[in-house]
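Asker: For the sequence shown, this note's numbering gives the first residue as 13, with consecutive numbering after it.
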Amino acid sequence: MADIAGILGSGPLDRPLLARVSQRLQRLTTLQALFPMEDFPPPAPGSQDASNRYLLHHDPASNASLYLNTIVAGKTSPPHNHGTWAVIAALQGEELNRVYTRTDDGSDPDHATLSLVREHTVRPGFPIEFMADDIHSIHVEQGPAVRHLHLYGQPLETLTSRQAFDLETGKVKNYNRTHMRPTVASDAG
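Structure (structure tokens):
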């Protein structure tokens, strides 16, 4: 995390800088022994939850926060932004990300239209980076539990302006209020 803080402090926050952060975070995914399944388990079978999120590190100086997310098959999210930058790197499993762009002018805060730009599967060796206003949805369709490192520019729990977008109605909602589950405590975290 000290290396990542150094990268973040080395220039303006832009896509090339996030790509450098992503390369460094990728190195952490090779240290599987740091993240044993028994310390960071996915939701229990039969649970109503499809994911668990564990806070691993928060840097008070930069506000960057590192989480380990475990997600079981069947988990999807509506298109949403993060309200801060994000880098996601896989320890295990595959998560389809659909990346969107807004096609409206943004003048109505309660309504938006989106267009699919691309799809990217986050899996070991294939991370993804987002700027604060980038919009994506996630889809874990099958296979073993997904285990990914998520690094954000600030703790997710503090974000008040994250937006979720309904593709059918165009309705815009506050993501943290309507879709975000609490972070799980961990003895190892």
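In this text, a Cβ means the ideal position worked out from N, Cα and C, and glycines have one as well.
#1: On the CB-based measure, 16 or more other CB atoms within 10 Å of its CB, does residue 200 come out buried or exposed?
#2: Helix, strand or coil for residue 149 per DSSP?
#3: Quick check: what's the CA-CA separation for residue 102 versus residue 158?
#4: If you drop the 5 nearest sequence neighbours on each side, which residues of the same chain put their C-beta closer than 7 Å to that of residue 187?
#5: Taking the alpha helix (DSSP H) that residue 33 falls in, what are its first and last residues?
#6: Among residues of its own chain, excluding the 5 on either side of residue 125, which ones have a beta-carbon nearer than 8 Å to its beta-carbon?
#7: Report the rounded CA-to-CA distance for residue 99 versus residue 69, giving the unit in angstroms.
#8: In angstroms, rounded to a whole number, what distance separates the CA positions of residue 214 and residue 185?
#9: May I ask you to check if the CB of residue 143 is nearer than 7 Å to at least one heavy atom of the ligand FAD?
#10: Contact criterion: CB-CB distance below 8 Å. Does residue 49 meet it with respect to chain D?
#11: Kindly indicate which residue of 133, 169, 136, 111 has the alpha-carbon position closest to the one of residue 142.
#12: With a threshold of 16 other CB atoms inside 10 Å of the CB of residue 41, please say whether the residue is buried or exposed.
#13: Nearest-angstrom Cα distance between residue 36 and residue 15?
#14: DSSP state of residue 170, grouped into three classes?
#15: Quick one: what's got a C-beta closer than 6 Å to residue 147's C-beta in the same chain, skipping five residues either side?
#16: Helix, strand or coil for residue 45? Go by DSSP, reduced to three states.
Answerer: Reading off the structure:
#1: Here the question's residue 200 lines up with position 188 in the sequence shown. Confidence is the limiting factor: at residue 200 the pLDDT is only 47, short of 50, which leaves the residue's position unreliable, though a coordinate-based value still follows. Burial call: exposed.
#2: Locating residue 149 in the sequence shown gives position 137, where the first residue counts as 1. In this structure, residue 149 counts as strand in the three-state DSSP scheme.
#3: As a working note, residue 102 is residue 90 in the sequence shown. As a working note, residue 158 is residue 146 in the sequence shown. Going by the C-alpha atoms only, they are around 8 Å apart.
#4: Position 175 of the sequence shown holds residue 187. Excluding positions up to five away in sequence, the list reads 92, 174, 175, 176.
#5: Locating residue 33 in the sequence shown gives position 21, counting from the first residue. Per DSSP, residue 33 belongs to the alpha helix (DSSP H) from 27 to 41.
#6: As a working note, residue 125 is residue 113 in the sequence shown. So the list reads 114, 115, 116, 182, once near-sequence residues are dropped.
#7: If you number the sequence shown from 1, residue 99 lands on position 87. If you number the sequence shown from 1, residue 69 lands on position 57. Whole-angstrom Cα-Cα distance: 14 Å.
#8: Residue coverage of the chain in this structure runs from 13 to 201, which leaves residue 214 outside it and unanswerable.
#9: With respect to the ligand FAD, the structure offers nothing, as it holds no ligand at all.
#10: As a matter of chain content, chain D is missing from the structure shown, which is built from one protein chain.
#11: The residue labelled residue 142 in the question sits at position 130 within the sequence shown. Of 133, 169, 136, 111, the residue nearest in Cα terms is 111.
#12: Position 29 of the sequence shown, counting from 1, holds the residue named residue 41. Residue 41 should be labelled buried.
#13: To locate residue 36, count along the sequence shown from 1; it is residue 24. To locate residue 15, count along the sequence shown from 1; it is residue 3. Their Cα atoms are separated by approximately 8 Å.
#14: Position 158 of the sequence shown, counted from the start, is the residue given in the question as residue 170. Reduced to three states, the DSSP call for residue 170 is helix.
#15: For the purposes of this step, residue 147 is identified with residue 135 of the sequence shown, where counting begins at 1. If we look at residue 147 and ignore the five residues flanking it on each side, its Cβ neighbours are 91, 93, 112.
#16: For the purposes of this step, residue 45 is taken as residue 33 along the sequence shown, with counting starting at 1. When DSSP states are grouped into helix, strand and coil, residue 45 belongs to the helix group.
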